[in-house]
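The sequence shown lines up with residues 1003 to 1141 when you count with my numbering.
Just so you know, even glycine gets a beta-carbon here, dropped at the ideal spot from N, CA and C.
The structure under discussion appears below in the form of structure tokens.
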Amino acid sequence: MWDEVGMDKKVWYQCDRCGACCKWPGDVRVEDNEIDAIAAHLGMEVDDFIQKFTRLRMNRNGLSLLEKENHECLMLEDGGCKIQAVKPFQCKGFPNRWSFPGWEKVCEAKPVPMDRAIELGLVDGSDLSADKEIRGRDL
């Protein structure tokens, strides 16, 4: 059984914080409520955070975090996420909700059979649908 992003629904990929997803080019969407939380986490006013750390998404439909010249997320520092405690929902979903071609070759996420992941509390077994806001425990 496969989902809309080509992931095996019988497997949960548990993040190992390798940072591979933080180095992939493209938009890192940030929604209004996430912007507020990130700005507060960084001790900044919302407007200052928006001016300093975001840009218009490629589809011109909202904001994205800036990236460094090498395509790494601007929030990636010393191999870790500067905003880990409040990172965007998009970041929390990798690789279970979104991925990029060849992610398996660079990502260190550990495959866990879905039944076992639910048993361990890594995944909320009550609703595994893609539109559920939190599908698994964040590391």
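ask   = So which of Gly1045, Met1116, Pro1113, Ile1037 has the shortest CA-CA distance to Leu1068?
value = Position 66 of the sequence shown, counted from the first residue, corresponds to residue 1068. Ranking the options by Cα distance to Leu1068, first place goes to Ile1037.
query = CA-CA distance, Arg1059 and Leu1065?
reply = For the purposes of this step, residue 1059 is taken as the residue at position 57 of the sequence shown. For the purposes of this step, residue 1065 is taken as the residue at position 63 of the sequence shown. Answer to the nearest angstrom: the Cα atoms are 5 angstroms apart.
request  = Give me the Cα-Cα distance between Arg1137 and Asp1049, rounded to the nearest whole angstrom.
outcome  = On the sequence shown, position 135 is the one that residue 1137 refers to. On the sequence shown, position 47 is the one that residue 1049 refers to. Residue placement at Arg1137 cannot be trusted, given a pLDDT of 44 that sits under 50; the coordinates are not used to answer.
task = Could you name the residues of the same chain whose beta carbon sits closer than 6 angstroms to that of Ala1119, not counting the 5 residues immediately before and after it, in chain order?
result = Here residue 1119 corresponds to residue number 117 of the sequence shown, with the count starting at 1. Correct list, in chain order: Trp1014, Val1125.
message = Report the CB separation of Leu1078 from Gly1021 in whole angstroms; it is logged as a contact under 8 angstroms.
response = Here residue 1078 refers to the residue found at position 76 of the sequence shown. Here residue 1021 refers to the residue found at position 19 of the sequence shown. That belief holds up - the Cβ atoms of Leu1078 and Gly1021 are roughly 6 angstroms apart, short of 8 angstroms.
Val1030 versus Pro1113, Phe1055, Cys1017, residue with shortest Cα-Cα distance = Translated into positions along the sequence shown, residue 1030 becomes position 28. For Val1030, the nearest C-alpha among the options comes from Phe1055.
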